[in-house]
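Protein chains in written order, with the working numbering: chain A, 58 to 513; chain B, 2 to 101.
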Amino acid sequence: MRHYDLAILGAGPAGMAAAATAAEAGLSVCVLDEQPHAGGQIYRDVERVAALRGDILGKDYTRGATLTAGLRHAAITHLSGAVVWAIEHAFRISFTQGGAAAQIAAERVLLATGALERPMPLPGWTLPGVMTAGAGQILLKQSGVLAQSAVLVGSGPLLYLIAAQMVRAGVPPVAMVETQTLDDLIRAARHLGGALRGWRYLLKGARMLAEITSARVPRHTGATGIAIAGESRAEAVTFTSKGRAHRIPCDTVFLHHGVVPNTQAARSLGVSHIWDRAQSCFVPSVDDWGQSDVAGVFIAGDSAGIGGANVAESAGRMTALKVAEELGRLSATERDRQAAPLRSARNKDLAARPFLDRAYPPHAAAVAPDDATVICRCEEVTAGDIRRYAALGCLGPNQAKAFGRAGMGPCQGRYCGLSVSVILAQANGLTPDATGYYRIRPPIKPVTLGELASLE
Amino acid sequence: MKPAFLELTQGARRVPVRFAGETLMLPEGANLAAALLAAGVTVFRHTPVSGAPRGPFCMMGACFDCLVEVDGSVRQACMIEVAEGPEIARPHVGEPDETL
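Structure representation (structure tokens):
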């Protein structure tokens, strides 16, 4: 088993930046990433794609190539297509790559596993043709595949980004069905002062909106009663906006109302998580360096709390400096000297966050869905089922598994966990913290017996 | 009617891939889920619980909705690259109903 100073899960901005900084400081690093090429979801496949579609995807995408280039360092082993299924303490990491299982050992672990789309359970959201906005972006980035007749549903910067990119590609969306209201904007306005420190984000947002408007993409705001209609696939989006009922035919629906930390790996290691009210999600407990409450386990980037790619990059580098200091490669003084500019860059990049969190809150009807709406996509458990479990005395998500298999399908709760916790909390009059979350156990990704048998 | 998805770059070499008994010409090395969508496949599988149709949802290996059967083992289509050769099917088709 090969031994490294630092093992990093995920080759997105946090993981790549951390690897480069750690290698620079003299650490041996192993980066394990599920994708065939580095970049994470934000810079997916950027080295190949920048030349093909850089004009459509923009500079905020193509700049990722500077990070992927940083992985080419003699002290960095980049294992691509490596699916990690177990992390054991002090630390042994088991993964599958190319159909065979293998293990590495490491002194420290950095979880840079990024974000998942916030689940957006709406009637019809399981139909083929309904995807996350992130999926739409991935299709465009990696594959150059564009939905020709798409309706974008939800709210937030990513929804505008994909709409603007579709406009640039010459295939604008059919319509945008936006859930944020004027009240949201008014509530967000008091955070505008702070957001001005992050004015580049606001300017970027204004430019995207201008592109969408000039392409005459219809925008329906304050939408309620949203449902996706269709028999064996998505055929239309129905909703009410400004007192009028609408039905917009389409082939594809992209859903988005924010992203949330991907906490699977951290939870499997026993890192404690707390409810973040501003971002309406669970975040792992970490200090300023990304050190969690489990010795040797660090978390950086969106998996530690949503901040975006630039924040992730700074945070990843800060964690690397901390690990280098702990392992005796840097003095505490040198660590702090190098960390100071990273910390101020990170804080500046976070300045627009409170404004964005309030201007584009989670869609109320997807946080408290109708009884008939499917919550657990894998096991097809509805919101009504979960409320029924609560009425029978079910207090937490782990009990909900026993009541009706919620969270026990192949996605292991990734796309229902948050909804189940929140619906149970609402039904029982408890806080999300008191309600808790699924206990995540290895294997955190499926592994076949054949793959296991190949382990030496 | 326009196909649901448009492919921007058509340059890649195409290889025959068998899906659900049909032969599709897909770009070699492409993401399998994306390539199937672009080839007009909408339903990748039916759920074991109610038989409801499903297709790709997250495209990043997290949701497991794009499961297909590749040479007999169930895999996420969005985590596989297109290659010539394997027989791909909708999972669990024709298996006995195991529901108790």
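Idealized CB from N, CA, C, for every residue including glycine. Since we're looking at a predicted model, the values are computed, not measured.
List, in chain order, every chain B residue whose beta-carbon is nearer than 8 Å to that of residue i.
i: A:Ala-192; result: Pro-57, Phe-58, Cys-59, Met-60 and Met-61
i: A:Ser-200; result: Glu-8, Ala-31, Asn-32, Ala-35, Ala-36 and Ala-39
i: A:Gln-222; result: Within 8 Å Cβ-Cβ: nothing; A:Gln-222 doesn't reach chain B, min ~11 Å.
i: A:Thr-119; result: Chain B residues near A:Thr-119: none, gap ~16 Å exceeds 8 Å.
i: A:Leu-228; result: It is Val, not Leu, that sits at residue 228 of chain A in the sequence shown. Simply Leu-7.
Look at the alpha carbon of residue i and the alpha carbon of residue j, and state the distance between them as a whole number of angstroms.
i: A:Ser-298; j: A:Arg-276; result: 10 Å
i: A:Phe-311; j: A:Met-223; result: 12 Å
i: A:Gly-347; j: A:Gly-115; result: 30 Å
i: B:Thr-100; j: B:Leu-33; result: Any reading at B:Thr-100 needs caution, since the residue's pLDDT is 46, under 50, leaving its predicted position unreliable; the model's value is listed next. Distance between the alpha carbons of B:Thr-100 and B:Leu-33 is about 30 Å.
i: A:Gly-441; j: A:Pro-229; result: 37 Å
i: B:Ile-89; j: A:Val-343; result: 43 Å
i: B:Pro-28; j: A:Ala-220; result: 26 Å
i: B:Pro-87; j: B:Phe-6; result: 24 Å
i: A:Ile-501; j: A:Ile-144; result: 9 Å
i: A:Ser-85; j: B:Gln-11; result: 41 Å
i: A:Ala-491; j: A:Leu-449; result: 18 Å
i: A:Leu-407; j: A:Tyr-258; result: 10 Å
i: A:Arg-175; j: A:Val-317; result: 5 Å
i: A:Val-351; j: A:Ser-325; result: 11 Å
i: B:Ser-74; j: A:Ala-131; result: 36 Å
i: B:Gly-52; j: A:Ala-74; result: 44 Å
i: A:Arg-225; j: A:Met-265; result: 10 Å
Mind checking which residues open and close the alpha helix (DSSP H) that includes residue i?
i: A:Leu-266; result: 256 to 271
i: A:Glu-406; result: As written in the sequence, residue 406 of chain A is Asp, which differs from the Glu given in the question. Note, A:Asp-406: alpha helix (DSSP H), 389 to 406.
i: A:Gln-456; result: 454 to 461
i: A:Gln-336; result: Segment: none, A:Gln-336 is in no alpha helix (DSSP H) and carries neither H nor E.
i: A:Asp-240; result: 239 to 246
i: A:Gly-507; result: 506 to 510
i: A:Lys-125; result: A small fix is needed here, since residue 125 of chain A is Thr in this sequence, not Lys. Its alpha helix (DSSP H) spans residues 121 to 126.
i: A:Glu-91; result: From DSSP, A:Glu-91 is part of no alpha helix (DSSP H); its letter is neither H nor E.
i: A:Gly-281; result: Looking at the sequence itself, residue 281 of chain A is Thr, so the reference to Gly does not match. Counting along the chain, A:Thr-281 falls outside any alpha helix (DSSP H), though it belongs to the beta strand (DSSP E) covering 281 to 286.
i: A:Glu-104; result: 103 to 114
For residue i, return the contacting residues in chain B, with the cut-off set at a CB-CB distance below 7 Å.
i: A:Asp-173; result: A small fix is needed here, since residue 173 of chain A is Leu in this sequence, not Asp. The contacting residues are Ala-63.
i: A:Thr-183; result: Ala-53 and Arg-55
i: A:Cys-468; result: Ala-63, Cys-64 and Phe-65
i: A:Thr-170; result: The premise fails here: A:Thr-170 is roughly 10 Å from chain B at the closest Cβ pair, so nothing lies under 7 Å.
i: A:Thr-189; result: Phe-58 and Cys-59
i: A:Leu-109; result: Thr-10
i: A:Asp-308; result: Ala-5
i: A:Ala-143; result: Under the 7 Å cutoff, chain B gives no residues; its nearest Cβ is about 17 Å from A:Ala-143.
Contact criterion: CB-CB distance below 7 Å. Does residue i meet it with respect to chain C?
i: B:Pro-87; result: Looking for chain C here will not work: the only protein chains present are A and B.
Which stretch, first to last residue, makes up the beta strand (DSSP E) that contains residue i?
i: B:Met-61; result: Counting along the chain, B:Met-61 falls outside any beta strand (DSSP E), and DSSP gives it neither H nor E.
i: A:Gln-160; result: 157 to 168
i: B:Val-75; result: 74 to 77
i: B:Pro-87; result: No beta strand (DSSP E) contains B:Pro-87, which DSSP labels as neither H nor E.
i: A:Arg-59; result: 59 to 66
i: A:Pro-325; result: The question names Pro, yet the displayed sequence has Ser at residue 325 of chain A. Element bounds for A:Ser-325: not the beta strand (DSSP E) but the alpha helix (DSSP H), 321 to 325.
i: A:Met-375; result: Here A:Met-375 belongs to no beta strand (DSSP E); instead the alpha helix (DSSP H) covers 366 to 383.
i: A:Ile-432; result: 431 to 433
i: A:Arg-304; result: 301 to 306
i: B:Arg-15; result: 15 to 20
i: A:Met-233; result: 232 to 235
Less than 8 Å between the CB atoms is what I'm expecting for residue i and residue j, so what's the real figure, rounded?
i: A:Ala-322; j: A:Cys-307; result: With a Cβ gap of about 36 Å, A:Ala-322 and A:Cys-307 do not count as contacting.
i: A:Ala-416; j: A:Leu-242; result: 6 Å
i: A:Glu-235; j: A:Ser-212; result: 6 Å
i: A:Ser-200; j: B:Ala-31; result: 6 Å
i: A:Leu-184; j: A:Gly-287; result: 5 Å
i: A:Met-58; j: A:Ala-162; result: 5 Å
i: B:Met-60; j: A:Met-188; result: 7 Å
i: A:Arg-304; j: A:Thr-295; result: 5 Å
Since residue i meets chain A, which of its residues come closer than 8 Å, beta carbon to beta carbon?
i: B:Pro-4; result: Gln-205
i: B:Glu-82; result: Pro-93
Taking Cβ-Cβ distances shorter than 9 Å, what residues in chain B pair up with residue i?
i: A:Glu-437; result: Thr-48, Val-50, Ser-51 and Ala-53
i: A:Leu-196; result: Phe-6, Asn-32, Ala-34, Ala-35, Leu-38, Ala-39, Pro-57 and Met-60
i: A:Gln-154; result: Correct list: empty, because the minimum Cβ distance to chain B is about 12 Å.
i: A:Asp-345; result: Per Cβ cutoff of 9 Å: no residues; A:Asp-345 is ~28 Å from chain B at best.
i: A:Arg-471; result: Cys-59, Ala-63, Cys-64 and Phe-65
List the residues of chain A that residue i touches, going by C-beta distances under 7 Å, in chain order.
i: B:Asp-66; result: Arg-434
Name the chain A residues that come within less than 9 Å of residue i, Cβ to Cβ?
i: B:Val-44; result: Pro-185, Ser-289 and Arg-290
- [ ] Flag this pair as touching only if the region 77 to 93 of chain B and the region 8 to 19 of chain B have three or more C-beta atom pairs under 8 Å; answer yes or no.
- [x] yes
### Query
Using 8 Å as the Cβ pair cut-off and three pairs as the minimum, do the region 161 to 172 of chain A and the region 352 to 362 of chain A touch?
yes
*With a cut-off of 8 Å, do at least 3 Cβ pairs link the region 465 to 475 of chain A to the region 106 to 126 of chain A?*
No, they do not touch.
Taking three-plus beta-carbon pairs below 8 Å as touching, is the region 93 to 102 of chain A in contact with the region 116 to 125 of chain A?
yes
Notebook entry, point to check: Taking three-plus beta-carbon pairs below 8 Å as touching, is the region 452 to 472 of chain A in contact with the region 488 to 507 of chain A?
Noted result: The region 452 to 472 of chain A, when compared against the region 488 to 507 of chain A, does touch it at the 8 Å Cβ threshold.
ask   = Three or more beta-carbon pairs under 8 Å between the region 383 to 397 of chain A and the region 238 to 253 of chain A, yes or no?
value = no
query: Does the region 329 to 342 of chain A come within contact of the region 138 to 152 of chain A, defined as at least 3 CB pairs closer than 8 Å?
result: no
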